[in-house]
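Asker: 150 is the number that the UniProt record's numbering gives the last residue of the sequence shown; the numbers go up by one with no jumps. Just so it is clear, CB atoms sit at the ideal spot from N, CA and C, and this is done for glycine as well. The following block contains the structure, expressed as structure tokens.
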Amino acid sequence: MDMTKGEYASVLQNILKLHTQEAIDKIINIKRILPEKACIAEVGIHPTQDEEGMFSIIVHLCGPDLYLLNQVIAPYRVLFDVKDSEGKLQPDVPLFFPEETSFSVNDLIVEVSINWVQEIWALSGGLGIPAYTFGEECSNPEGLISLKSM
């Protein structure tokens with residue numbers, strides 16, 4: 001796909017904006033069923049390794065027995081996900097051939113998504129426990145970034 005970094009950022013922001021209310025509702029539902037043993041929430045931005053443009057944004061609870069904590073919130077923990085359904089992407093995000101782009105697709109996915117996560121976290125009121133966001137598969141990971149609730 002022939003697209004500049006700025007154009008891709010704008011398209012990605014618009015796609016995420018379309019899913020804002022759905023993500024806010026999921027965070028509110030997580031808060032409603034949040035296990036008492038959950039100590040920290042981490043919201044991970046998970047682009048694929050090959051930098052073609054697909055990614056997921058997932059809530060990960062931390063505390064004793066991670067598996068059980070995350071099983072409780074399983075119906076709500078995926079805030080955004082690009083899926084390939086019968087050869088069609090849902091949502092329809094631009095795809096790239098990494099060797100043909102002049103920028104890191106994954107870095108831009110993480111950058112734009114962290115801003116969106118911060119926005120939806122504030123709008124939802126958060127979970128009432130410390131929360132952070134992070135990006136994977138990017139060339140300059142910033143580590144955990146604190147999320148503020150309203």
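So, at 7 Å on beta carbons, what are the nonlocal neighbours of threonine 20 in its own chain, with the 5 sequence-adjacent residues on each side left out?
Answerer: Looking up residue 20 in the sequence shown gives position 20. Closer than 7 Å at Cβ, skipping near neighbours: Ile120.
Asker: When you compare only the Cα positions, how much space is there between aspartate 107 and glycine 6?
Answerer: Within the sequence shown, the letter at position 107 stands for residue 107. Within the sequence shown, the letter at position 6 stands for residue 6. Their Cα atoms are separated by approximately 13 Å.
Asker: Going by the CB atoms, is the gap between leucine 95 and glycine 135 shorter than 7 Å?
Answerer: On the sequence shown, position 135 is the one that residue 135 refers to. On the sequence shown, position 95 is the one that residue 95 refers to. Cβ atoms of glycine 135 and leucine 95: not closer than 7 Å.
Asker: Alpha carbon to alpha carbon, how far is leucine 16 from asparagine 70? Give it in angstroms, no decimals.
Answerer: What you label residue 70 is simply residue 70 of the sequence shown in a count that begins at 1. What you label residue 16 is simply residue 16 of the sequence shown in a count that begins at 1. Looking at the two C-alpha atoms, the distance is approximately 23 Å.
Asker: Would you check if the distance between the CB atom of isoleucine 30 and the CB atom of tyrosine 67 is smaller than 7 Å?
Answerer: Position 30 of the sequence shown, counting from 1, holds the residue named residue 30. Position 67 of the sequence shown, counting from 1, holds the residue named residue 67. No, they are not a contact pair.
Asker: By DSSP, does isoleucine 129 sit in helix, in strand, or in coil?
Answerer: Stepping through the sequence shown from its first residue, residue 129 is reached at position 129. In the structure shown, isoleucine 129 sits in coil (DSSP, three-state: anything other than H, G, I, E or B).
Asker: Thinking just about the alpha-carbon of each residue, which of Met3, Gln13, Glu22, Val11 is nearest to the one in serine 124?
Answerer: Walking along the sequence shown from the start, residue 124 turns up at place 124. Ranking the options by Cα distance to serine 124, first place goes to Glu22.
Asker: Taking the beta carbon of phenylalanine 97 as the centre, do at least 16 other beta carbons fall within 10 Å, making it buried, or is it exposed?
Answerer: As a first step, residue 97 must be located in the sequence shown, where it is residue number 97. Label assigned to phenylalanine 97: exposed.
Asker: Restricting to runs no shorter than 3 residues, where is the beta strand (DSSP E) found entirely within the stretch 58–124?
Answerer: Complete beta strand (DSSP E) runs here, min 3: 78–81, 83–85, 88–90.
Asker: Could you tell me the distance, in whole angstroms, from the CA atom of leucine 18 to the CA atom of valine 82?
Answerer: Position 18 of the sequence shown holds residue 18. Position 82 of the sequence shown holds residue 82. The straight-line gap from Cα to Cα measures roughly 13 Å.
Asker: Any idea if alanine 74 is buried or exposed, counting beta-carbon neighbours within 10 angstroms, 16 or more meaning buried?
Answerer: Here residue 74 refers to the residue found at position 74 when the sequence shown is read from its first residue. It is exposed - the Cβ of alanine 74 has fewer than 16 other Cβ atoms within 10 Å.
Asker: The beta strand (DSSP E) spanning alanine 9 covers which residue range?
Answerer: Within the sequence shown, residue 9 is the residue found at index 9, counting from 1. Note, alanine 9: premise wrong, no beta strand (DSSP E); alpha helix (DSSP H) at 5–18.
Asker: Pick helix, strand or coil for alanine 38, following the three-state DSSP scheme.
Answerer: Counting from 1 along the sequence shown, the entry for residue 38 is found at position 38. Looking at alanine 38 - three-state DSSP - the assignment turns out to be coil, as it is neither helix nor strand.
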